[in-house]
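Below is one structure, written out as structure tokens; comments come after it.
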Amino acid sequence: MAATAASFSASFSTHAKRHPETPPPFANSITGNAMKKFRSLKLPSSSSSSSSSRSTAAIMASKHKNASSDLSVTHPNPSTKTLKSRLRDGETLYGLFLLSFSPTLAEIAGLAGYDFVVVDMEHGPGGITDALHCLHALAASGTSAILRLPECCPTWAKKALDLGPQGIMFPMIDTPKLAKKAVSYCRFPPAGIRGSAHTVVRASSYGIDAGYLSNYEDELLIMCQIESEEGVKKVDEIAAVEGVDCIQMGPLDLSASMGYLWDPGNKKVREMMKTAEKAVLNSRSGKKDDESATGAFLAGFAMPHDAPIDMRRRGYHMVSGAVDVGLFRSAAVEDVKKFKMNLDEEFSDDEEDNAEGKNGKDGDEKYWSE
1 MAATAASFSA SFSTHAKRHP ETPPPFANSI TGNAMKKFRS LKLPSSSSSS
51 SSSRSTAAIM ASKHKNASSD LSVTHPNPST KTLKSRLRDG ETLYGLFLLS
101 FSPTLAEIAG LAGYDFVVVD MEHGPGGITD ALHCLHALAA SGTSAILRLP
151 ECCPTWAKKA LDLGPQGIMF PMIDTPKLAK KAVSYCRFPP AGIRGSAHTV
201 VRASSYGIDA GYLSNYEDEL LIMCQIESEE GVKKVDEIAA VEGVDCIQMG
251 PLDLSASMGY LWDPGNKKVR EMMKTAEKAV LNSRSGKKDD ESATGAFLAG
301 FAMPHDAPID MRRRGYHMVS GAVDVGLFRS AAVEDVKKFK MNLDEEFSDD
351 EEDNAEGKNG KDGDEKYWSE
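Note that the UniProt record's numbering gives residue 2 to position 2 of the sequence shown, counting from 1, and the numbers run on in steps of one.
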């Protein structure tokens with residue numbers, strides 16, 4: 001018994017040193033038809049999605065087969081690998097943007113089964129301290145966190161990286177020069193200009209992880225956002241910058257930069273997006289299994305005209321399918337709408353017996369909290 005406890009303690013300690021953001025795996029829920037469909041999509045053999053990811057989808061589908069409710073089935077966290085290593089292994093990752101800075105919603109997102117959650121400091125109201133609470137919640141559910149910075153700035157990058165996210169996202173990267181600066185903000189001298197306090201920050205398990213300096217470059221996913229015409233024109237050069245792991249497309253700001261504010265489905269905007277997508281995908285052509293390969297993975301947001309499944313088919317390696325605020329807004333608006341429609345129907349019904357009959361009929365339905 002003592003030996004078993006010692007073994008568990010050693011395993012826990014090793015994991016904590018290697019992955020300060022993510023605890024040892026435990027039950028992690030998968031819910032939502034859209035996510036199941038996304039994960040179970042079978043791609044041609046030439047796709048970036050590996051056979052291992054399809055096998056995972058098959059196992060998950062089997063576990064869900066006899067489920068009486070989408071909320072009734074859990075599965076163990078399939079991997080403690082970093083986002084970067086999962087991408088190199090050919091997985092296609094599905095995530096959520098968190099703008100509310102709510103630790104509760106962050107934890108729910110993790111338990112729902114998202115591969116990653118982007119804590120958005122660019123458009124969300126929170127700062128570093130608020131982001132830390134969300135990272136704690138995501139760690140509790142074994143979910144990888146990415147921090148999107150308000151701007152490409154060494155100070156923001158330093159404070160964000162010290163929290164220990166698995167990924168960092170720099171907005172508005174328009175040139176390879178700016179991409180090189182972003183990478184330099186993520187690396188300690190002499191490779192970069194990141195300030196060092198690694199012995200006392202969360203990223204190194206507060207100094208407990210003695211191997212942090214040797215491993216942090218290999219484990220950190222550096223993402224650069226392309227959100228303008230200028231960025232698209234130079235996207236192949238940006239994707240080729242050493243240290244840039246992933247190009248995140250920004251269709252909304254791109255459409256605005258082209259004069260089509262809030263019209264990302266415009267034909268000209270979509271053509272510009274395709275040009276950028278092709279350039280990024282070509283940067284890793286034939287190199288997906290080579291860890292030393294240059295070039296970047298492709299990430300992006302789903303849009304009303306561009307579903308997550310369609311993006312995956314086109315070769316996207318990371319897809320963000322929703323925003324937490326948007327999900328709650330849609331659910332709240334629909335809930336109020338449903339209530340008011342039922343209220344109107346009740347007022348138009350003059351027969352009390354009819355109303356009572358309806359109440360009786362609805363008696364077996366689930367409460368809202370279920």
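Beta carbons: idealized from backbone N, C-alpha and C, even for Gly.
*Are there three or more Cβ pairs, one per stretch, closer than 8 Å when the segment 150-164 is compared with the segment 197-211?*
yes
*Could you tell me which of Met-273, Arg-194, Met-121 and Arg-86 sits nearest to Leu-98, measuring between CA atoms?*
Met-121
*Does the separation of the CB atoms of Asp-324 and Leu-83 fall below 8 Å?*
no
*In terms of residue numbering, what span does the beta strand (DSSP E) encompassing Gly-126 cover?*
Counting along the chain, Gly-126 falls outside any beta strand (DSSP E), and DSSP gives it neither H nor E.
*Quick one: using the 10 Å Cβ neighbour count with 16 as the cut-off for buried, is Lys-137 buried or exposed?*
First, the amino acid is wrong: residue 137 is Ala here, not Lys. Answer is buried; the Cβ neighbour count reaches 16.
_For the beta strand (DSSP E) containing Arg-148, name the first residue and the last one._
144-148
*On a CA-only basis, which of Glu-229, Met-249, Ser-102 and Ile-193 is nearest residue 371? Give me that one, please.*
What the structure shows of the chain is the stretch from 1 to 370, and residue 371 is not part of that stretch, so it cannot be assessed.
*Out of Ser-144, Arg-148 and Ile-309, state which residue places its alpha-carbon closest to the alpha-carbon of Gly-127.*
Arg-148
*Nonlocal neighbours in the same chain, by C-beta distance under 7 Å from Arg-187, ignoring five residues either side*: Arg-194 and Glu-217
*Comparing alpha-carbon positions, which option in Met-172, Arg-313, Gly-315 and Gly-300 lies nearest Met-249?*
Gly-300
*Could you tell me the distance, in whole angstroms, from the CA atom of Met-272 to the CA atom of Ile-222?*
23 Å
*Roughly how many whole angstroms lie between the Cα atoms of Ala-296 and Arg-284?*
6 Å
*Is the beta carbon of Ile-226 sitting closer than 8 Å to the one on Ile-168?*
no
*Could I get the ranges of all uninterrupted alpha helix (DSSP H) runs contained in the segment 276-351, with 4 residues as the minimum, in chain order?*
308-313 and 324-347
_Candidates Ala-302, Met-258, Lys-338 and Arg-313, of which the one nearest Gly-321 by Cα_ = Ala-302
*Taking buried to mean at least 16 other C-beta atoms within 10 Å of its own C-beta, is Met-341 buried or exposed?*
exposed
*Using DSSP bridges, identify the partner residues of Leu-96.*
Val-117 and Ala-322
_Cut-off 6 Å between Cβ atoms - residues of its own chain near Tyr-260, not counting five sequence neighbours on either side_ = Asn-266 and Val-269
*Please go through the same chain and pick out, in chain order, the residues whose beta-carbon is closer than 7 Å to the beta-carbon of Val-280, but skip the five residues on each side of it.*
Val-235, Ala-239, Ile-247, Ala-296 and Leu-298
*What is the DSSP secondary structure of Gly-211, reduced to helix, strand or coil?*
coil
_Reference Thr-80, options Lys-278, Glu-219 and Cys-224, closest by Cα_ = Glu-219
*Rounded to whole angstroms, what's the CA-CA distance from Gly-326 to Ser-100? Just pull it up for me.*
10 Å
_Between the CA atoms of Asp-245 and Ser-330 - distance to the nearest angstrom_ = 33 Å
*Can you tell which of Asp-263, Leu-343, Tyr-212 and Asn-282 has its C-alpha closest to the C-alpha of His-305?*
Asp-263
*Extent of the continuous beta strand (DSSP E) to which Ile-238 belongs*: Where Ile-238 is concerned, there is no enclosing beta strand (DSSP E), although the alpha helix (DSSP H) it sits in stretches over 235-239.
*Which value, in whole angstroms, describes the spacing of the CA atoms of Ala-145 and Lys-159?*
15 Å
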